[in-house]
Every structure is written in structure tokens, then in C-alpha cells.
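There are 6 protein chains.
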Amino acid sequence: MFELGIVKRNILRADRVAADALARYGSATVHEALGRVGLLQSYMRPIYPGGQVSGTAVTVLLQPGDNWMLHVAAEQIQPGDIVGAAVVSPCTDGYFGDLLATSFMARGARALVIDAGVRDVKALHEMRFPVWSKAISSKGTIKATLGSVNVPVVCAGMWVTPGDVIVADDDGVVVVPAARAAATAQAAAQREALEADKRARLASGVLGLDMYKMREPLALAGLRYVD
Amino acid sequence: MFELGIVKRNILRADRVAADALARYGSATVHEALGRVGLLQSYMRPIYPGGQVSGTAVTVLLQPGDNWMLHVAAEQIQPGDIVGAAVVSPCTDGYFGDLLATSFMARGARALVIDAGVRDVKALHEMRFPVWSKAISSKGTIKATLGSVNVPVVCAGMWVTPGDVIVADDDGVVVVPAARAAATAQAAAQREALEADKRARLASGVLGLDMYKMREPLALAGLRYVD
Amino acid sequence: MFELGIVKRNILRADRVAADALARYGSATVHEALGRVGLLQSYMRPIYPGGQVSGTAVTVLLQPGDNWMLHVAAEQIQPGDIVGAAVVSPCTDGYFGDLLATSFMARGARALVIDAGVRDVKALHEMRFPVWSKAISSKGTIKATLGSVNVPVVCAGMWVTPGDVIVADDDGVVVVPAARAAATAQAAAQREALEADKRARLASGVLGLDMYKMREPLALAGLRYVD
Amino acid sequence: MFELGIVKRNILRADRVAADALARYGSATVHEALGRVGLLQSYMRPIYPGGQVSGTAVTVLLQPGDNWMLHVAAEQIQPGDIVGAAVVSPCTDGYFGDLLATSFMARGARALVIDAGVRDVKALHEMRFPVWSKAISSKGTIKATLGSVNVPVVCAGMWVTPGDVIVADDDGVVVVPAARAAATAQAAAQREALEADKRARLASGVLGLDMYKMREPLALAGLRYVD
Amino acid sequence: MFELGIVKRNILRADRVAADALARYGSATVHEALGRVGLLQSYMRPIYPGGQVSGTAVTVLLQPGDNWMLHVAAEQIQPGDIVGAAVVSPCTDGYFGDLLATSFMARGARALVIDAGVRDVKALHEMRFPVWSKAISSKGTIKATLGSVNVPVVCAGMWVTPGDVIVADDDGVVVVPAARAAATAQAAAQREALEADKRARLASGVLGLDMYKMREPLALAGLRYVD
Amino acid sequence: MFELGIVKRNILRADRVAADALARYGSATVHEALGRVGLLQSYMRPIYPGGQVSGTAVTVLLQPGDNWMLHVAAEQIQPGDIVGAAVVSPCTDGYFGDLLATSFMARGARALVIDAGVRDVKALHEMRFPVWSKAISSKGTIKATLGSVNVPVVCAGMWVTPGDVIVADDDGVVVVPAARAAATAQAAAQREALEADKRARLASGVLGLDMYKMREPLALAGLRYVD
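The listed protein sequences derive, respectively, from chains Z, X, S, D, H and U.
Residue numbers for the first sequence follow our numbering, beginning at 20 and rising by one.
Residue numbers for the second sequence follow our numbering, beginning at 20 and rising by one.
Residue numbers for the third sequence follow our numbering, beginning at 20 and rising by one.
Residue numbers for the fourth sequence follow our numbering, beginning at 20 and rising by one.
Residue numbers for the fifth sequence follow our numbering, beginning at 20 and rising by one.
Residue numbers for the sixth sequence follow our numbering, beginning at 20 and rising by one.
1. Quick test of your reading: V137(Z) and F115(Z), contact by CB under 8 Å. State the CB separation rounded to the nearest angstrom.
2. Express the C-alpha separation of A33(Z) and D39(Z) in angstroms, rounding to a whole number.
3. Taking 8 Å as the cut-off, does the region 213–223 of chain S touch the region 88–99 of chain S (at least 3 CB pairs, one atom from each stretch)?
4. Can you tell me where the alpha helix (DSSP H) holding V26(U) begins and where it ends?
5. Per DSSP, what are the beta-bridge partners of Q82(H) in this structure?
6. Taking only beta carbons into account, state which residues of the region 84–112 of chain D come closer than 8 Å to chain U, listed in chain order.
7. Would you mind reading off the limits of the alpha helix (DSSP H) that contains S152(Z)?
8. Step through the CB atoms of chain S and report whether any lies within less than 9 Å of the CB of S61(X).
9. Say whether the region 56–69 of chain S touches the region 146–158 of chain S, bearing in mind that this needs 3 or more beta-carbon pairs closer than 8 Å, one atom from each stretch.
10. Give me the chain D residues within the contact set of M233(U), using Cβ-Cβ distance strictly less than 9 Å, ordered along the chain.
11. Return the CA-CA distance between P171(S) and A201(S), expressed in angstroms with no decimal places.
12. Between G159(D), L59(D) and G54(D), which has its C-alpha nearest L119(D)'s C-alpha?
13. Taking the alpha helix (DSSP H) that A212(H) falls in, what are its first and last residues?
14. Does the contact criterion of 3 or more C-beta pairs under 8 Å hold for the region 45–64 of chain U versus the region 181–201 of chain H?
15. So, is Q82(U) buried or exposed, given that buried needs 16 or more other C-beta atoms within 10 angstroms?
16. Of the choices L53(D), D134(D), V77(D) and E51(D), whose alpha-carbon is the least far from that of N19(D)?
17. Measuring CB to CB, does L80(Z) end up less than 9 Å from V192(Z)?
18. Going by C-alpha to C-alpha distance, which of A163(S), R55(S), A154(S) and E22(S) sits closest to T111(S)?
19. Span of the alpha helix (DSSP H) holding L58(S)?
20. Measure the CB-CB distance between T75(X) and G166(X) and report whether it falls below 9 Å.
21. Could you list the residues in the region 154–178 of chain X with a C-beta less than 9 Å from some C-beta on chain H, going in chain order?
22. For I101(X), which of A208(X), A37(X) and S73(X) has the nearest alpha-carbon?
23. Using the C-alpha atoms, what's the distance from D190(X) back to S152(X)?
24. Check whether the Cβ of R210(U) lies closer than 9 Å to any Cβ atom in chain Z.
25. From L143(Z) to A130(Z), what does the alpha carbon distance come to, in whole angstroms?
26. Along the chain, where does the beta strand (DSSP E) containing M177(U) start, and where does it finish?
27. For the region 111–128 of chain Z, which residues have a beta carbon sitting closer than 8 Å to at least one beta carbon of chain X?
28. With a threshold of 9 Å between beta carbons, is D189(U) in contact with chain H?
29. Starting from the beta carbon of G54(Z), find every residue of chain U whose beta carbon is closer than 7 Å, and list them in chain order.
30. Of all the options G24(Z), R210(Z), V140(Z) and H90(Z), which has the alpha carbon lying nearest to the alpha carbon of A125(Z)?
31. Among all the DSSP beta bridges, which residues are the ones paired with C174(Z)?
32. Please classify Y231(X) as buried or exposed, where buried requires at least 16 other C-beta atoms within 10 Å of its C-beta.
33. On the criterion of 16 or more Cβ atoms from any shown chain inside 10 Å, does V195(X) qualify as buried, or is it exposed?
34. Using a beta-carbon distance below 9 Å, is L131(X) in contact with chain Z?
35. Whose Cβ in chain C lies nearer than 9 Å to the Cβ of R243(D)?
36. R138(S) versus chain Z: which residues are under 7 Å apart at the beta carbon?
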């Protein structure tokens, strides 16, 4: 359940080494390593391709058409954080632009993940401040109603607790609970190591059917080859 | 209310200097300068990133799956115009491709804003003819039923009167009434001047909370900081 | 009607020369040349711009959240094929990533067209393996339930028979029946030849109104010019 | 272009007899009688089936998540009016419930047409106050930012001028310009008279092919019958 | 692949007894009995609740905004048919109303399934002519461009061949290939017989966990009960 | 964060009296009484109108296309519960029909709220078992992959903890945290008492402008009346 009108200053951030390490594996591998949970809905898209980040979550709960709490959140950002923002009811307005990005970068933020719209996307691209959002819109917002900062939020269908690790790239956005960050990084590293070998074998023409030993289970399931 | 079967030849275009000046401020700043009205719905997206234009509107009202009126509109284009096209019921067909773009460019058009689909998008990108549309579709159109040219239309939720200024960039599309073009350009220039200073202060680490003097109104609204 | 649990090994591929030739005309011209049929829905988008391919269809029918049949399909791929994949009920999961792409490329596949999601899109771009999909999602899939390979499928609203030619570019995806591939290529070539001349005339300022002799039919339809 | 912060008190309502007469023909017939324009987008649906109304438009321009102007509008309602409400950016919140409906009914309003959400729909049904809306949502709204009353608005893609006639039923919502209300009612009456005869002939087994004399134009268009 | 401009007069209808029998089982049971294939997308909804029909398909391929072929189709209807209509590109216009319904009923049609919009829904309800559609819209259509009648079509994502059995109720629409109609009716009858017994046991408090013997496979899959 | 493969047997249900009392106020009033939070997205709709319930949440986390965990959940249901079901990635399949409803009713469940599809909706209506869902679909599901029962889930954008109170009616679905159930019921009762008086005054013709004392703040905000 959401709480409005609260800013929590002291949050328990995930282990820094693990939080930083997760970026290199990307959202797809981390999602697998975490046991196939933690994914935001696929309508969350990067405003420009190629960004790949991980960091600790500072969460924001916003009112529709109102970005007041993003200004409040800026003060809570520490280097290595990613801001994860949700809205209490659906909205596509442009909550965030180059001025807020300048402020977030000055505080050490690595990215913004927001279940709403943003604007100034050309400038954000030039500044290399990556954003994952639901929409792009020129429409700005007002500053009139309280939300919260650093309370648990639901962002694009996924629960985000302050301090969790957010991993985002061109494939999407995954949230890793702080307590599982180190184990997940380890599992992701193992997956990646295995994949290099598989990739080489597949490139040489070995079929997944044989490499993964799928022929027998497929036959058991009743697959018939016909001419 | 829409009228079908009409081409209006003499329209009152917005002041040329103001119409041309608005491009540099971009849609987000112009939307603010205009008092936060005039924005087309955010599903209108550029077919390639980086275009930023303004110009005077030649409007077109189209039938679903029928681009006849775009050919009629071409003759009404003057240098500095942007064609703003609406459809009487929703359609994603590709109304516009490289041949029409060649013709529009030969007439001096700067862009197309269309609440429907377009095609030949790779060629349009290579020609650097910017388009904002609802869809991209290979499906062409027929030429069978009348619409109108240079009547007021509703395009992506916004009223566009012939001669209005259309401003479009990666953030979206805004319509500025002809009579307010000069005042809006002035207001946009003022906003931009203020933003440069703000940007520098935010980059130096000043918080928006302090720069915008938000701490007192937040406290009055009841914001609580907890540890 | 779909059949589950079947892999058809011998399919009648379209004439290779025609199948290869269609790529250069692009989906919009091919769609016209085919008589304005054969187009997949416009929500099918390339994961990166600029790809333009044609090839013979190997079809796959998938279960929601299950990519088992893509592995089965890999073995049926021959050089020059494009895999066309449908799902029995709507799903946006990421069915396909860089490992499967490595395998598909090793078999000679030119592209994937899938009415579902894919992942590893940055890697796919770097590998230059083009994909047209409904979604991008980090979420992987399981391997538990049978679908089919090389049965007729409905992909994004269009019927695809194994061996048909698939043509895809930035404008969308078109399916050409195998038996009509050569005739369609010829018709597309004729269209393209005509367009070069038209383009030159339009660029010189000739209006489509005159070039296409539209003034009389427009007048007959009742178009009125007003001042 | 929209104006904010304005209430226009004296509006020119359409002829009362014509405005009242249009209800009986329903939205589909009126849309035809008006020349196939004036229709709101088809996502506008009645909250309960069976309502069929017409009336003169009192228009409201709302801010997202804010229903302040509906209270202002109540005072401008006269018996026989229908309130037509638009929002400056998309919102599905519940702007209207049984209390406002009580007030609107006390003023003589016949219906609400709103490009947003409403709530208390069971009570509204019991009160027999018909509403056409984009959404149903329990979420209430605040009262903080000005919009306008009785300015022209764009509602669900259609321009509504204060005093226009709104016609709504289970098929959708049509707007008839005040100046054309009488002529449209007459044209609708003629259409309806013709339809009674057609219905009887079709019920007797006469085919539309023959009644509308379509066989020759179909043959000319190239239709082939095959066995 | 679709063919335009063709009316096939002689189609092979499914066995009448089987086609008629399928209605009583409903779409969900028939979908299971058919092996979980054949379902149209779930956006196809009845215009009023409670209809439950089956019949042999007369198919129609329509152009966007053009219902000419529905008139052509009327002549091909035989008692016990259901018209299945697709459009070559997406459209929500109202293709069908009470006049066409009168004609269809006079020919013996049992229902319409259309991947587009319809209108006059109150009258259709009063006439008890059931329709499953994608949209409801007052907007009528023109009669200008050829489609086809009784060619295979893709309707809401599913292939429909003339003569197939269409089964529709409040849960959705399923297509049963003509050749499998009798076997499917038999399988559906068996399913239904089994369900009566299951229902009684579940109503008495027996758990599905026990009735379906799920406890062991769940334990094998690793399910853990915690307190 | 979600956990898979777990069934929690002992959950702390909200106070029974409060949980039962909330139904009568309905979702809109409860949403206000709770401080305007707790609302599921508005795409969650009742399968038939008129249901109005409250109860304690038994939560279920499902895999796409797989309803195994609903059978597991049945055993955890106690009289007065409402089952709240989420899926780990978007799915519209029909997870629930009359057999499961029979079992749920035998256990004392009052309703199902599911962020996916259901089927047998006519039977469910006849049984008077209310369901709020995202879709209706004939398509059944398999029983192959573990989810969880009675873990916290995100359902249609809202966090649901086992034991919370779910309130649902024609306006939508609201979740009340167990610890706040009694206070929310009290606040809702107060709101309702106030509304009766307001309703009477509005019905007598008093304007909300006066009853809520809005004229002064509107004037301060700059509202202008023009003639």
C-alpha cells in the first residue's frame, strides 16, 4: 500500500559492488539469474538506444500531472542511484526534462525509470542521461500535490523497494531486491560464462536440438516429423 | 465541425518571422510559453529522431484509406508551410511516401504532421523530410472520396486552423494560433533565457528545492521527513 | 486451422531468384505490386532501422511463453530462409535472443518475423540479424509445450504458408505467396521504373494534380475551390 | 485553440425544436444526415445500455485529475442541455459521480459526454442519468486548477462548440452544429422514412444487390463469380 | 493469401448436424475439444450478452470503410450460416446495421462475426440478431471497392475457410474446420459429460487438488508450504 | 519482489467486521476514505454489472497461460475471502471458469479479482459468482509451472498483501491494507453520512459552487466570467 506525504531519508541500499556489477549482464540475463521475476512491463522503453546501467533505487511516488516529488527526490540521490518513479494513476505527461536531469546528474544519479512521460529527449540524449519511460510528451507538469519519496512503489507492474537494484538496457528494466543483489550478480556471471561456450558451438552449426538434448523430450511430447 | 469537398486558397498565415522563430525553442518550451495548451496527443511520433521545425499550417482533411486530398493540398503549399493532416475516422494506412514528399519539398513544405500512417520512411529520412505520424505502414491508399484542404481540422486531439504555426520536434507537436505566434515566440525566448541560468546553478549542485523555494510550501502541504 | 505437434520437413520454397529479388523493392512497392494484399499489421516493427530483406518462409507456431519450437525450427532452416513465427495466444515475452540468432545465422537464416517479443536487441543489432517483432522484452521463455514447424500460420493478422516469400523493411512486412513471387517481382520492377520518372517530374515542380490528371475527376466529385 | 480560465455565460443554443427532435433518429442516422461528419471516436461508450438523447451543448474544458470546472459548469446548465467535457491531456480518473449528477439533473441536464472517466455508475444507472465516457474509475479528482466553461473544445477527436446539438445512443455520440440542426433533423426524418420501406422489402427476401441496383456496378468493378 | 474480386458460390459446408450441435457446448468447451486451437482474439465481443450460436461460415473480405461485399454476401447465405467478415486493414467503422440484419435474417443467417465495427446495436438486440465485433460505431461505410466472398480470410487472428463451423457465445468465438466438426462435437459432448460429475464433487467440497491428483506433481515441481 | 513455488498457509486476515462492512460503501467511497490510494487500474472490469463485495485477500501468483496455482489456492480459501490473482507477465487467457467457481464457492470465496482472462461468464453470472478481470477468453490454460499462493503480488498495478481487504463494484477494485481496514470503514461511513445531506441539497437546486464555497477560490485562481 502506498503512503503519501512521506520522505524517507535513510534507506538501506544494496551492496555497492553487486549493484554496480549487474549492469554488464543486462536485463535479460539478470532476469533469468533472479529466477525469472522482477521485470517491469515491456511498454517501458529507453528514450535512446544503447544505454545499459545498474544502480540503487531511490523511489518516487507522483501524482498525475505533478512532478513536485521529483524535486524532493533530487536531494535524496546519492552517487550510484537510479530514480524509480511511479504515478498513482496513469499519466503520459512529460514529468522530467533537461533541467531536472542536470540536477540529478549533479547529485550522481545514473538514470531515471519512470512509469509516465518525459520531454527534452534530444537534450537528454546529448547529455547521455538515460531514461526508460512509458511515453514522451512536451506537456509539462505542475507542483501542487504531495506524493512520497523512498516508499515502496509499483512501477510499470513491478514492486520497487528503496535500495533495490535497478538494471536497465535496450531489452527492458529489472528490479533486484537488495538482499539478493550479490547472489544474483554471481548467478548472472555464471550464466554469461556458459553462454560464451554455447554461442561458439551454435555458430559452428551445432543445433540447439542436440546441444540442449531436446530430441528425446520432444519425441516424448509427441512431436511428429512429416515429409 | 468539418466541411468536406472544399479547398480554401487564401488563408491568413501567421507572421513569418514568428513562425520561423518558434522552431528553435522546441515543442516543450513553446507549449509552456503558450500557457500549456495546443499539444497534439503523445502518440504522434517523428519517423526519425532529431528533426526540429516550425512553419505555417496548410490543413488537410482526409478520408480513411484515401490520400486524394494530399495531392490537392500540394498545390496550396507555400515555402515555409507545414502540412497538418487529419482523417475523419481512425486509420493507420500509409498515406504519404517519397513521391509526395518530393512534391511537397518542391513546393517548399518543411514537414508533414499526419494523424495516420506513412511509408517509405527510410527514403524520407535520407531526403531529410521530417514527418510526425501515428503509424508507419506499407499499405498505400486510394484516391476516391473528397475531403478538404485548408478547413479547420482536429489532428490527434488538437484543433488546427489554416495558417496556425505548427512546432514539432522529438518531444511532440504543438499548434500555436496565428494571432498569438509573435507573443508566444517572445515568451519562449524569455523562458529559454531563464533556463540557461537555472541549468548552470543546478549543474553546480544547487537543489531545485532551494532554487525554486519549495521547502516552505512542501512543509505547509504536510510533507514529513522520516529516518 | 492450426495443427500442433507437427514438423513438416519438405516444403515447396518460392523460386529463389524471385524470392531474392523482392528485397530491393521494399515492402510498400511489393504490397502494391501484389494487388494491395499480404501486409502484416503495422504493430510489427523492426528492432533496429535500415534492415531490408526478403527470403523464403520457414513458419513456426509457438505456445505463449514457450520457445521450444524455435529450436526445432532451426534445423529446418536453409540458406535464404526467413523464419515467420506466430503464437497461439497473444504474448509479449522475449522468445528469441543472441544465442538463437547465432544458430539461425549459422543455418543461413536472413531474418526473424515474430508476432511476440524478442530480447538481446543490442546484440542482435551488432550481429546485424534483423528482426521484426511486436514487442521487446527481457523475459525469457520455457520449453514445455509443443507447437509446430512449417504448418500454415497466422502472423500479425496475415496468413503465412511455408515457402512463401517474406519481404520486410522499415515500412513493415509483406507476405508474397510462393506461386506469385516471380510475377510480383516483375510487377514491382515495373512500378519502380515508373516511379523514377515521376520523382524527377515532381521534383521539378510538376504537381501530382496534373501529372496524375486528377483535376477533372476532382471537379466531377464536386470539389469546390473558395477564396 | 483552447482558452483557460474563462466561463462564457451567454451562448447561442441551437433551435430547441430541432435539438429535441434529433434524439429519436439516433446517432447513426444523424451522422448520415449530417453528411458523415461530427462523430466522436468510438471509444466513447455509454455506462449503461439503452439511453438515447439529444440536447444543446454546454462545454467544459478540464485539467487532468481535476473536476473543478464541472461544478462551475453546473450553474451554466439550462433545461435541455447536455454537458460535453474534454480534458487537456488524457486522463481516466472518475470526474463525475452521483452527487454531481444530482446537481446536473436539478439544473435540467439530460446527459454527460466526457472524454475521461466517471464513477458511481450503478447509482447513475438507477437515477437514469445517461453518461458516455472513455472510462469508469473509482478514482476521484481534486479541485485545484482552472479550465474553462463554454469555450469550443475537442472531445474524443471532435470539435464541440457551445450550443451545438449532441446526439448520443448505444452506437455513439455525434455533434451537430447549431446552425445545421434544423436541416439535419429534416434530413434524418427523410432517411428514416425511406428505411421503413427498405426494411420491409429486405424482410420479404429482396436482396440489397437488387434493391440498390448493385449488380451492374459490381460487374463493372470486375467482380467474378466462380463455382 | 487473400484474393480480391471473387465470389465463390459453391462451398463445402460442414455436416449440418455437427454444425448445429456445437452451439450447445459453447466456445470454451469447443476450443478444448478441438485441441486448444481455433480461437479468435479476445477483443471480439458480443454486442449483447447471452447469445450462443453455431453455424456454417460464409466468409467476407472487406475493404476499410466499405461494406459493399456484405451486400454481395447476403445472396450467398443459406439457412444455418454465420457470416464471418474480415477487413484488409484495421477499421472500426459501423459496417452493419438493422437493414443488413433484416436481409441476413431473411436469408437464414444466424449471426455475424466481424473484425470491425457495427451500429444500430439496440435494434439488433431487439431483433435478437447476435453479432460479435471489434467495435461499435455510428459511422457508416461506402460501397466503392471490391473485396471477396467465400474466400479464406483471417478474422481477428484466426483463419476461417468457407464452410467451417463458427461457434460463438459470451466467452468468445471459435472456428472448427468443416472436416473436424463431427469429431469435435463428439469430443465436446464427452467433455461436458465429465464436467457434470466434476461439478458435483467440487460443489460438495472436494478439492481440485485431490480430484485431479495434483498434490504429487506439485511436490515434484518443488512447491513448498510454509506457515 | 515476487517469490515462486511457495504457499503460505497462515496469513493475518483483516478484522472480519471491518472487512465485511466495507462492501456497502463501494470502491469509490472506500478509495476516498483510504486517502485516494489503493486502486487497481481501470481496465479491471466486472464480468456482469451489479456485484458489490468486500472480503479478505487470498493472493495467487500465476504463470502466463497456466492456472495450476488457482487449484492450490482453493484449499487456502476461508469463508469471506476474495481471491486476488496476478500473472508474472501479461496474459489474456481464460484462467477460471464454472468448475473452479464451484470449488471456490464451496470454500466460501466471495469473488475473484484476476489480472488476466476468465471464461464461462454466462454460467458465472447465473451462479452469481462475481469476477473482476482484464479480459474474457474461451482459451483455457495448462497446469505445468509453479507460481505461489499468499505471497504479496502486484495485481493491475496495485500491491496486494494476503489478508488485505479487497473492495469491488461496478466502479472498480480497491485494496485496503489489513491494518487500516477498521479506520477506513469508519471514514467511509462518515463520508457516506455527509453525502446524504449534500445529495438532498443539490437535488433542491443548491449549486456545488455555493455548497462547497468555491466562488472565492475560483476568483482567486483567476476565473473570468464573460458574456
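Glycine is no exception: its CB is placed at the ideal position from the N, C-alpha and C atoms.
This is what the structure gives:
1. Within the first sequence, the letter at position 118 stands for residue 137(Z). Within the first sequence, the letter at position 96 stands for residue 115(Z). Contact annotation, V137(Z) with F115(Z): C-beta distance approximately 4 Å; criterion of less than 8 Å satisfied.
2. Counting from 1 along the first sequence, the entry for residue 39(Z) is found at position 20. Counting from 1 along the first sequence, the entry for residue 33(Z) is found at position 14. For the pair D39(Z) and A33(Z), the Cα-to-Cα distance works out to about 10 Å.
3. In the pairwise beta carbon analysis, the region 88–99 of chain S is classified as not touching the region 213–223 of chain S: fewer than three pairs are separated by under 8 Å.
4. As a position in the sixth sequence, residue 26(U) is number 7, starting the count at 1. V26(U) -> not in any alpha helix (DSSP H); beta strand (DSSP E) instead, spanning I25 to K27.
5. Counting from 1 along the fifth sequence, the entry for residue 82(H) is found at position 63. Secondary-structure assignment with DSSP links Q82(H) through a beta bridge to D85(H).
6. Those would be W87, H90, V91, A93, E94 and T111, in chain order.
7. Reading the first sequence from its first residue, position 133 is the one you call residue 152(Z). In the DSSP assignment, S152(Z) falls outside any alpha helix (DSSP H) and within the unbroken beta strand (DSSP E) covering V150 to I155.
8. The residue labelled residue 61(X) in the question sits at position 42 within the second sequence. With its beta carbon at least 9 Å from every one in chain S, S61(X) lies outside the interface.
9. As far as the Cβ criterion goes, the region 56–69 of chain S touches the region 146–158 of chain S, which means the pair count is three or higher.
10. Residue mapping note: residue 233(U) aligns to position 214 of the sixth sequence, counting from 1. Identification of chain D residues near M233(U) by a Cβ-Cβ cut-off of 9 Å yields W87, H90, V91 and K162, ordered along the chain.
11. One-based indexing of the third sequence puts residue 171(S) at position 152. One-based indexing of the third sequence puts residue 201(S) at position 182. About 21 Å.
12. Taking the fourth sequence and counting its residues from 1, the one referred to as residue 119(D) is at position 100. Of G159(D), L59(D) and G54(D), the smallest CA-CA separation from L119(D) is found for G159(D).
13. Translated into the one-based positions of the fifth sequence, residue 212(H) becomes position 193. That run of the alpha helix (DSSP H) goes A200 to A222.
14. At 8 Å Cβ cutoff, the stretches do not touch.
15. In the sixth sequence, counting from the first residue as 1, residue 82(U) sits at position 63. Around the beta-carbon of Q82(U), 16 or more other beta-carbon atoms lie within 10 Å, marking it buried.
16. Outside the shown range of chain D (20 to 246) lies residue 19(D), about which nothing can therefore be said.
17. Looking up residue 80(Z) in the first sequence gives position 61. Looking up residue 192(Z) in the first sequence gives position 173. In this structure, L80(Z) sits away from V192(Z), with a CB-CB distance that is not shorter than 9 Å.
18. By 1-based counting over the third sequence, the position of residue 111(S) is 92. Looking at the Cα atoms, A154(S) is the closest of the given residues.
19. Counted from its first residue, the third sequence places residue 58(S) at position 39. No alpha helix (DSSP H) holds L58(S); DSSP gives it neither H nor E.
20. Residue numbering aside, residue 75(X) sits at position 56 when the second sequence is read from its first letter. Residue numbering aside, residue 166(X) sits at position 147 when the second sequence is read from its first letter. With respect to the 9 Å criterion, T75(X) and G166(X) are not classified as neighbours on the basis of their beta carbons.
21. Here the close residues are S156, K158, I161, A163 and T164.
22. Stepping through the second sequence from its first residue, residue 101(X) is reached at position 82. Of A208(X), A37(X) and S73(X), the residue nearest in Cα terms is S73(X).
23. Here the question's residue 152(X) lines up with position 133 in the second sequence. Here the question's residue 190(X) lines up with position 171 in the second sequence. Distance between the alpha carbons of S152(X) and D190(X): 13 Å.
24. As a working mapping, residue 210(U) is identified with position 191 in the sixth sequence. It does not; no Cβ of chain Z falls within 9 Å.
25. Against the first sequence, residue 143(Z) aligns to sequence position 124. Against the first sequence, residue 130(Z) aligns to sequence position 111. If I take the Cα positions, the gap works out to 10 Å.
26. Walking along the sixth sequence from the start, residue 177(U) turns up at place 158. It spans M177 to V179 - the beta strand (DSSP E) in which M177(U) sits, taken as one unbroken run.
27. Under the 8 Å Cβ criterion, the region 111–128 of chain Z contributes T111, G113, G116, D117, L118, L119, T121, S122, M124, A125 and R126.
28. Here residue 189(U) is taken as the residue at index 170 of the sixth sequence, counted from 1. Closer than 9 Å: no.
29. Translated into the one-based positions of the first sequence, residue 54(Z) becomes position 35. By Cβ distance, chain U contributes L23.
30. To locate residue 125(Z), count along the first sequence from 1; it is residue 106. If we check each option's Cα against that of A125(Z), H90(Z) comes out closest.
31. Locating residue 174(Z) in the first sequence gives position 155, where the first residue counts as 1. According to DSSP, C174(Z) bridges with M177(Z).
32. Here residue 231(X) refers to the residue found at position 212 of the second sequence. The C-beta of Y231(X) has fewer than 16 other C-beta atoms within 10 Å across all chains shown, which makes the residue exposed.
33. One-based indexing of the second sequence puts residue 195(X) at position 176. Burial check for V195(X): the Cβ neighbour count within 10 Å reaches 16 or more, so the residue is buried.
34. Locating residue 131(X) in the second sequence gives position 112, where the first residue counts as 1. Cβ-Cβ to chain Z under 9 Å: no for L131(X).
35. Protein chains in the displayed structure are Z, X, S, D, H and U, and chain C is not among them.
36. As a first step, residue 138(S) is located in the third sequence; it is residue number 119 there, counting from the start. The contacting residues are A47 and D190.
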